[in-house]
Amino acid sequence: MDLEKTTSVGKSSKQGSKNENTSGKTHTKRLKHSRYISGFDGLRTLALLGVILYHLLPYDLKGGYLGVPIFFAISGYLITDLFVQEWDQNGSIKIWSFYGRRLKRLYPTLVVVLLASTAYMTLFAQNLLTHIKSVLWTNLLFVYNWWQIGNGQSYFDRYNGESPFTHLWYLSVLGQYYFIWPVVMIALLFTFKNRSHILGVLSGLAIVSALLMLILYDPSNTNRVYYGSDTRMTPYLLGAALAFFWPSTHLNPHLKKNARWFLNILGLISLIFIVWMAFDLSGTGSFAYRGGMLIFSIFSVILIAVIAHPGASFNKWFSNPVFAWIGKRSYGIYLYQFPVMIFYERAVVNIAAHPLWNALVEAAIIVVISDLSYRFIETPLTHFNYAHPIQALNTLFRQHKKGRYWIIPIVVVLVIALVGIVNGSNNNGNHHSALQINITQNKKKSEKQNDKALKAQKEAAAKKKQHAEEVAKIKKEKAIKLTSKEKTIKTKYDLQPSEVKIAQKMSVTGVGDSIMADTSDDLQEVFPTAYISAKVGRQVWQAASLLREMDSQGNLSSNVLLNLGTNGPFTSEQLKSIVSIIGTKRQIFWVNVHVPTQNWQSQVNKEIADAAQKYKNVHVVDWYGVSQKNSDWFYQDHVHPNIEGSKAYTALITKAIVKYGSTD
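Here's what the structure looks like:
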């Protein structure tokens with residue numbers, strides 16, 4: 047979703063001139079020789095589809111997020127090519143004119159998305175108003191990505207209070223590039239008369255950006271490298287470098303057959319690699335940040351070069367009316383996608399039952415809203431004369447007489463949004479739900495209990511043989527005597543006397559997300575020697591480093607309980623890594639997920655079931671199957687167990703661990 051509209055420097059055409067008019071008359075007069083590279087509409091459309099499909103069906107298109115580097119690369123090429131032509135023609139670059147055109151292009155739709163979404167949240171999703179003031183002003187100043195690094199959630203956390211504005215990090219990064227790039231270009235063009243030197247500087251900076259991503263990469267928190275303007279600049283810089291190596295004014299449309307074939311084959315190879323990586327390169331794996339995105343960016347720039355060349359066939363192949371239609375609306379489609387998805391998935395509970403159908407409905411809503419926005423917001427306001435707003439409004443209403451009827455609804459939306467902004471929390475939330483209170487209280491209790499649990503586990507390990515004999519004896523006893531506390535546990539969780547007795551003696555290490563955080567108090571009541579590490583929003587790929595650390599410190603018991611997958615899908619490779627870290631000598635109990643509000647439920651549960659078939663020491667705790675017909679076990683989010691649900695959850699886990707667990 048590049049905002050330069052595919053206009054570049056080169057052979058003139060009426061279509062190109064028309065496109066330039068959308069950015070302002072001054073720009074058209076300044077750039078006399080421009081052409082419309084329609085193939086960029088096709089490439090942008092494919093990149094945009096990748097991003098949207100990734101958001102809708104993340105397990106089917108693991109690398110769909112890679113559409114963003116394509117956007118950056120296209121933008122870097124087009125803007126730099128534009129500046130080079132302007133410098134060559136006029137000997138200068140009109141910075142303020144450029145800023146004005148960019149703001150007229152960016153701001154109207156962005157403001158509409160921010161205010162309309164805020165109004166919706168004020169009415170129907172007030173818990174999402176957390177930090178709303180900070181979110182709004184950082185977006186309007188194009189620094190939201192840096193705010194997200196310090197305060198926001200991971201781009202790959204697909205469940206935990208997901209913000210409808212998460213995707214706007216890209217717009218902030220792009221806005222920063224727009225701000226600095228005219229200055230950078232003037233400095234480079236003034237300093238280096240030999241433009242091959244500029245090519246070298248830009249290529250070197252692209253490598254530096256890729257190295258920064260590699261050095262700053264933290265497996266447990268990718269926010270810094272994923273959102274950072276410095277770490278994401280590689281594709282933009284490579285695109286800019288291409289503008290000096292492959293300037294559109296010097297591309298010969300009349301190529302020999304062999305040269306045309308060479309370019310087409312090069313483009314085809316690049317396209318194949320781009321598609322393959324879009325399906326295979328997970329954003330939660332380390333390779334994406336240790337060279338993966340760099341490789342993808344290089345292939346993207348090669349494809350851009352082939353499409354831009356008038357002598358190759360790719361521009362024609364990537365041009366059609368559908369791509370052109372989507373390309374014109376790509377900015378709106380990108381901006382509206384996340385609010386539509388988040389609000390739709392909150393309104394429709396059982397997304398997981400029909401993930402494909404719901405994805406199609408969401409996509410249709412996004413397209414309709416984006417088209418309306420393009421017709422009635424983007425196009426009129428791009429031409430709006432902000433120097434004389436009253437006169438411009440009168441002209442606008444004369445041209446669109448029915449537009450006056452929208453004044454009242456617009457004012458209503460603004461008022462509602464203002465109420466949300468004023469009342470919205472700018473901290474971690476003033477209004478805590480029963481679930482939040484429960485998780486907070488459980489965390490405090492669990493931290494105290496964990497110290498005792500580790501000590502008890504080490505004592506039991508020192509008396510391994512004696513401990514195993516005691517458990518074996520309990521299993522053989524017909525009349526088991528329970529203490530008053532144990533009787534309470536038996537009744538509360540509907541357990542057999544032997545299950546209560548054995549559970550009291552078994553060592554368990556629990557690693558999970560908010561589901562385990564919600565139920566940790568009950569788990570540690572039944573398993574007093576259980577060490578529980580539960581964190582809201584935890585993902586499988588984040589748990590790997592934690593398990594590795596616990597194992598190296600000798601704090602991983604013979605029974606490992608996992609509750610991961612609530613917040614997003616994971617790959618079989620990531621699951622394999624978890625099992626490998628824990629090892630084959632320990633018993634693994636993986637609770638499958640009940641997340642009817644998300645489309646990855648089936649995929650996550652299938653991965654867990656497949657692991658149980660593949661590894662003898664992996665056992666499925668079928669929470670999904672048991673809870674399916676018990677909707678009264680959950681809080682209003684339909685995901686986290688309430689008091690009754692927590693009892694059932696704990697009982698199910700207890701029976702599984704007692705039956706298959708290790709007593710060593």
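Per the numbering used here, the very first residue in the sequence shown carries number 47; after that it's consecutive. From the three backbone atoms N, C-alpha and C, an ideal C-beta is built for every residue, glycine too.
Asked	Found
Using a Cβ-Cβ cut-off of 6 Å (strictly less than) and excluding sequence neighbours within five positions of residue 129, which residues of its own chain qualify?	139 and 231
Taking residue 283 as the reference, which of 515, 568 and 117 has the closest Cα?	117
Quick one: residues in its chain with C-beta nearer than 7 Å to the C-beta of residue 661, no 5 flanking neighbours on either side, listed in chain order?	625
Please state whether the Cβ-Cβ distance between residue 641 and residue 398 is less than 8 Å.	yes
Taking the C-alpha atoms as reference points, what is the distance between residue 167 and residue 381?	16 Å
When burial is assigned at 16 or more other CB atoms within 10 Å of the CB, is residue 364 buried or exposed?	buried
Going by the CB atoms, is the gap between residue 221 and residue 152 shorter than 8 Å?	yes
Hey, residue 373 and residue 424 are a contact pair by Cβ (cut 8 Å); roughly how many whole angstroms apart?	Not quite, the Cβ-Cβ distance comes to about 13 Å (not below 8 Å), so this is no contact.
Taking the C-alpha atoms as reference points, what is the distance between residue 691 and residue 700?	14 Å
Since residue 170 is in the alpha helix (DSSP H), which residue starts that stretch and which ends it?	141-170
Excluding sequence positions up to five away, which residues of its chain have a Cβ less than 6 Å from the Cβ of residue 145?	none
Quick one: does the C-beta of residue 161 sit closer than 7 Å to a heavy atom of the ligand NAD?	The ligand NAD is not part of this structure, which contains no ligands at all.
Could you say which of 194, 300, 285 and 239 lies nearest to residue 249 if we only look at CA atoms?	285
Span of the alpha helix (DSSP H) holding residue 101?	85-102
How many whole angstroms separate the CB atoms of residue 654 and residue 672, which I take to be in contact at a CB cut-off of 8 Å?	That belief does not hold up - the Cβ atoms of residue 654 and residue 672 are roughly 14 Å apart, past 8 Å.
Measure the C-alpha to C-alpha separation of residue 657 and residue 643 and round it to an integer number of angstroms.	24 Å
Name the two residues that bound the continuous beta strand (DSSP E) containing residue 607.	605-609
Are the beta-carbon atoms of residue 591 and residue 632 separated by less than 8 Å?	no
Quick one: what does DSSP say residue 243 is sitting in, helix, strand or coil?	helix
I need the DSSP call for residue 665, collapsed to helix, strand or coil.	strand
Give the secondary structure of residue 639 by DSSP, where H, G and I count as helix, E and B as strand, and everything else as coil.	coil
Check whether the Cβ atoms of residue 696 and residue 572 lie closer than 8 Å to each other.	yes
Would you check if the distance between the CB atom of residue 299 and the CB atom of residue 246 is smaller than 8 Å?	no
Under the rule that 16 or more other beta-carbon atoms within 10 Å means buried, what is residue 134, buried or exposed?	exposed
According to DSSP, is residue 578 part of a helix, a strand, or is it coil?	strand
What does the Cβ neighbour count give for residue 556, buried or exposed, with the cut at 16 atoms within 10 Å?	buried
Once the 5 residues before and after residue 319 are set aside, which same chain residues still bring their CB inside 6 Å of it?	345
Hey, could you find the ends of the beta strand (DSSP E) residue 555 is sitting in?	554-558
Tell me whether residue 633 sits in a helix, a strand or coil according to DSSP, three-state version.	strand
Alpha carbon to alpha carbon, what distance is there between residue 698 and residue 670?	11 Å
Using a threshold of 8 Å, state whether the C-beta atoms of residue 499 and residue 709 are closer than that.	no
In whole angstroms, give me the CA-to-CA distance for residue 609 and residue 561.	7 Å
Tell me whether residue 291 sits in a helix, a strand or coil according to DSSP, three-state version.	helix
For a quick check, are the C-beta atoms of residue 518 and residue 554 less than 8 Å apart?	no
Flag this pair as yes or no: are the beta carbons of residue 263 and residue 336 separated by less than 8 Å?	yes
Along the chain, where does the alpha helix (DSSP H) containing residue 196 start, and where does it finish?	190-197
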